[in-house]
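Colleague: Pasting a structure below so you can have a look.
In this note's numbering, the protein residues as written are -19 to 99.
And the structure:
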């Protein structure tokens, strides 16, 4: 009977370990989402300021989405530029890609720390 008791305890320890890492990764995702929204609000083009103020983070199941709630149709046009109605092009205001790259790097940092910090 001792073998069965050890297996149960080991299983319980592993479940606690996985839950702790899971919680820390979830917290890291929340933190990175908030940081990304802050960065986008600062780096977005500001003609009237409405577009820049529209950035939000949405939690759906276990995923986080950063999106513009006020002017979602402008994100692609501003990020990549577009053709004008009368000819010519509007220049691109690259602001999403740097925020995405910074968020990816920061998330990897935080999750690595979370995994290393769990004992």
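By construction, the Cβ of each residue, glycine as well, lies at the ideal position given by its N, Cα and C atoms. This one's a predicted model, so the numbers in the text were calculated from it and none came from an experiment.
Considering only C-alpha positions, which residue in the set 30, 88 and 20 is nearest to residue 37?
Modeller: When each option's Cα is compared against that of residue 37, the closest is 20.
Colleague: With DSSP as the reference, label residue 36 as helix, strand or coil.
Modeller: Of the three classes helix, strand and coil, the one that applies to residue 36 here is strand, per DSSP.
Colleague: Does DSSP put residue 62 in a helix, in a strand, or in coil?
Modeller: Of the three classes helix, strand and coil, the one that applies to residue 62 here is strand, per DSSP.
Colleague: Can you tell me whether residue 75 is buried or exposed? The criterion is at least 16 other CB atoms within 10 Å of its CB, across all chains shown.
Modeller: Burial call: buried.
Colleague: To the nearest angstrom, report how far apart residue 41 and residue 26 are at their CA atoms.
Modeller: Cα to Cα, residue 41 sits roughly 32 Å from residue 26.
Colleague: Which value, in whole angstroms, describes the spacing of the CA atoms of residue 88 and residue 11?
Modeller: Roughly 12 Å between the two C-alpha positions.
Colleague: Any contact of the region -9 to 2 with the region 53 to 68, i.e. 3+ C-beta pairs under 8 Å?
Modeller: Judged by Cβ distances under 8 Å, the region -9 to 2 makes no contact with the region 53 to 68, as fewer than three pairs qualify.
Colleague: Residues in the same chain with beta-carbon distance under 7 Å from residue 49, minus the five sequence neighbours each way, listed in chain order, please.
Modeller: Excluding positions up to five away in sequence, the list reads 34 and 36.
Colleague: Can you name, in chain order, every residue of its own chain whose Cβ lies under 8 Å from the Cβ of residue 54, other than the five neighbours on each side?
Modeller: Only 31 and 48 meet the Cβ criterion.
Colleague: Alpha carbons only, please: which of 4, 58, 24 and 85 is nearest the one belonging to residue 70?
Modeller: Residue 58 is the option with its Cα nearest to residue 70.
Colleague: With distances taken Cα to Cα, identify the nearest neighbour of residue 72 among 24, -1, -11 and 8.
Modeller: The option with the nearest alpha carbon to residue 72 is 24.
Colleague: Identify whether residue 30 lies in helix, strand or coil by the three-state DSSP scheme.
Modeller: Of the three classes helix, strand and coil, the one that applies to residue 30 here is helix, per DSSP.
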